[in-house]
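Single-structure report; data block below.
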Amino acid sequence: MKRIGLLAGVGRLPVEFARAARGMGFAVIAIALLPEVDEELSQAADVFYPISVGELERILTVLKQEEVTQATMIGKVTKELLFSGVQRPDARLQKLLLGLPDHKDDTIMLALVKELATEGVGILDQTALLKLLMPAPGVLTERRPTPQEEADMKFGFTMAKHMGNLDIGQTVVIKNCAVMAVEAIEGTDACIRRGGELGRGGVTVVKTAKPGQDMRFDVPSIGLQTIRSMVEAGATALALEAGKTLLVERQAVLELANRHQMTIVAV
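For what it's worth, our numbering labels the leading residue of the sequence shown as 8, then goes sequentially.
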């Protein structure tokens with residue numbers, strides 16, 4: 008049986024990937040990079056290892072021992088963990104980080120891809136087994152956007168692409184065609200909550216892929232936690248990029264959005 012490695016962060020996507028891979032005949036070797044990884048992952052994978060995201064040497068050793076030559080990196084792992092000292096990098100990861108020209112997301116991820124390649128591990132397109140989770144263009148919820156929400160979505164899409172081109176983040180929060188918040192190191196949920204507070208509710212959230220998005224890592228995704236954060240922020244609308252954004256637990260997401268009279272549009 009062909010083996011595939013799964014370097015898993017927080018969220019539902021790693022579980023969805025593991026189940027899809029096993030359904031296609033792969034043996035899934037999962038490495039949980041954070042304690043908060045979905046508890047179902049240990050059952051969804053064939054082999055499960057909890058290893059800190061900072062323990063690069065141990066991660067590579069396990070992949071080699073398990074004879075993994077192809078892997079994917081999926082799930083939320085923010086840079087904040089390394090910079091805050093919550094996850095301490097080992098000597099190998101420290102050396103890698105010190106040799107970088109900057110610490111932008113793509114710079115770090117590409118360096119990790121190269122480091123894995125030195126040990127014979129290639130990184131797969133994150134979406135290779137999850138294409139069905141990417142919605143086609145259209146309104147996904149019961150409620151359609153208002154003219155103002157449509158204008159905010161269009162404006163936000165342009166702003167999000169500019170931010171993505173700078174490798175800052177993928178999410179912006181908009182109200183009346185003004186930027187309330189831009190995602191940076193804090194992550195999507197914190198950005199949404201901050202934007203809702205500054206806009207005093209009634210805001211629109213827009214999430215897009217970066218221009219030239221490398222589909223091996225950091226593919227934008229929307230899930231239940233995104234909608235919960237929007238509820239907390241008083242957000243009324245969400246636009247995501249069709250064909251390039253993973254919509255996880257679609258039925259539950261749309262049920263929660265409909266319950267709160269939100270509109271979600273794939274554009």
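Glycine included, C-beta positions come from ideal geometry on N, C-alpha and C. Bear in mind that the values here come from a model prediction, so they are computed numbers and not experimental data.
Let me make sure I understand the geometry here. Which of D112, A118, E256, G30 has the alpha-carbon closest to that of E190?
It is D112 whose Cα lies nearest to the Cα of E190.
Alpha carbon to alpha carbon, what distance is there between E126 and A240?
Cα to Cα, the separation comes out at about 44 Å.
Shortest alpha-carbon distance to A216 belongs to which of A185, P227, C184, R235?
Of the candidates A185, P227, C184, R235, the one whose C-alpha sits nearest the C-alpha of A216 is P227.
Within 10 angstroms of the Cβ of R19, are there 16 or more other Cβ atoms? Answer buried if so, exposed if not.
Label assigned to R19: buried.
Could you compute how far the alpha carbon of E156 sits from the alpha carbon of P144?
Between E156 and P144, the C-alpha separation is close to 16 Å.
For the beta strand (DSSP E) that contains A15, what are its first and last residues?
Looking at the DSSP string, the run of the beta strand (DSSP E) that includes A15 is 10-15.
What residue from A37, Q72, Q50, K71 has the CA that sits closest to Y56's CA?
The shortest C-alpha separation from Y56 is found at A37.
Is A98 near the ligand NAD - that is, is its Cβ less than 8 Å away from at least one heavy atom of it?
With respect to the ligand NAD, the structure shown offers nothing to examine, as it has no ligands at all.
So does the region 255-273 actually touch the region 229-246, counting three or more Cβ pairs closer than 8 Å?
Yes, the region 255-273 is in contact with the region 229-246.
Between K83 and L104, what straight-line distance do the alpha-carbon atoms span, to the nearest angstrom?
Cα-Cα distance, rounded: 19 Å.
Taking DSSP as the reference, what is the three-state secondary structure of I234?
Three-state DSSP puts I234 in a helix.
Thinking T270 and P152 are a contact (beta carbons under 8 Å), I'd like their distance in whole angstroms, please.
5 Å between Cβ atoms; contact.
Along the chain, where does the beta strand (DSSP E) containing F33 start, and where does it finish?
No beta strand (DSSP E) contains F33, which DSSP labels as neither H nor E.
Mind checking which residues open and close the beta strand (DSSP E) that includes F55?
Where F55 is concerned, the enclosing beta strand (DSSP E) stretches over 54-57.
Any idea which residues DSSP pairs A39 with across the strands?
Answer is A15, P57.
Are the beta-carbon atoms belonging to A259 and L231 less than 9 Å from one another?
Yes, the Cβ-Cβ distance between A259 and L231 is below 9 Å.
What residues match up with K214 in a beta bridge as DSSP calls it?
Beta-bridge pairing links K214 to T178, L247.
Return the first residue and the last residue of the alpha helix (DSSP H) that A185 is part of.
A185 -> not in any alpha helix (DSSP H); beta strand (DSSP E) instead, spanning 185-189.
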